[in-house]
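Colleague: Below is the structure I would like to discuss, written out as structure tokens.
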Amino acid sequence: MLSIHRRALWSLLPVARSSAPAVLSATSRLAGSRLQRFEAAATARQVSVYTRTGDKGKSSLYNGERRRKDDKIFHALGDIDELNSAVGIGKEMIIKEKVEDDILLARLEDIQ
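Heads up: the sequence shown runs through residues 1 to 112, numbered per full-length UniProt numbering.
Written out as structure tokens, the structure reads:
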């Protein structure tokens with residue numbers, strides 16, 4: 001479970017602070033509810049990174065077929081993933097730099 005220091009989290013909450021007791025009380029209630037929602041969301045996102053049984057050097061394809069991790073298909077899938085990342089970076093650079101090349105952008109979007 002993700003443990004969070006309440007004081008550290010308090011500093012992250014965008015809550016207005018005031019010296020007036022009524023405002024402080026309302027701020028505390030607001031911060032408490034935000035804190036509870038944040039902790040609940042953090043708990044819901046907890047992901048297990050192990051299988052407890054080991055993987056015996058094999059992995060599954062999308063169709064459920066199990067293959068050795070050094071199989072060529074996993075290398076190909078990794079290469080495709082890296083290529084997709086590079087295409088995404090290229091698209092963002094075109095957009096960010098305001099390059100007027102709609103044809104190139106359209107081609108990259110088709111690829112991705």
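Cβ atoms here follow ideal geometry from the backbone N, Cα and C, with glycine treated the same way.
Measure the alpha-carbon distance for L24 versus D101 and round it to whole angstroms.
Modeller: Unreliable placement is indicated for L24, whose pLDDT of 46 sits below 50; the coordinate value is still reported in the next sentence. L24 and D101: Cα-Cα distance of roughly 54 angstroms.
Colleague: Measuring CB to CB, does G57 end up less than 8 angstroms from R66?
Modeller: no
Colleague: Can you give me the Cβ contacts of A92 inside the same chain, cut-off strictly under 8 angstroms, excluding the 5 residues immediately before and after it?
Modeller: Contrary to the premise, residue 92 reads as Glu rather than Ala in this sequence. Excluding residues within five positions, none has a Cβ falling inside 8 angstroms.
Colleague: Where does the unbroken beta strand (DSSP E) through V72 begin, and where does it stop?
Modeller: The amino acid at residue 72 is misidentified as Val; the sequence shows Lys. Boundaries around K72 are those of the alpha helix (DSSP H), 72-96, since no beta strand (DSSP E) includes it.
Colleague: May I have the straight-line CA-CA distance separating A106 from Q36, to the nearest angstrom?
Modeller: Each residue's Cα considered, the two are about 44 angstroms apart.
Colleague: Hey, how far is the Cα of S60 from the Cα of D71?
Modeller: 11 angstroms
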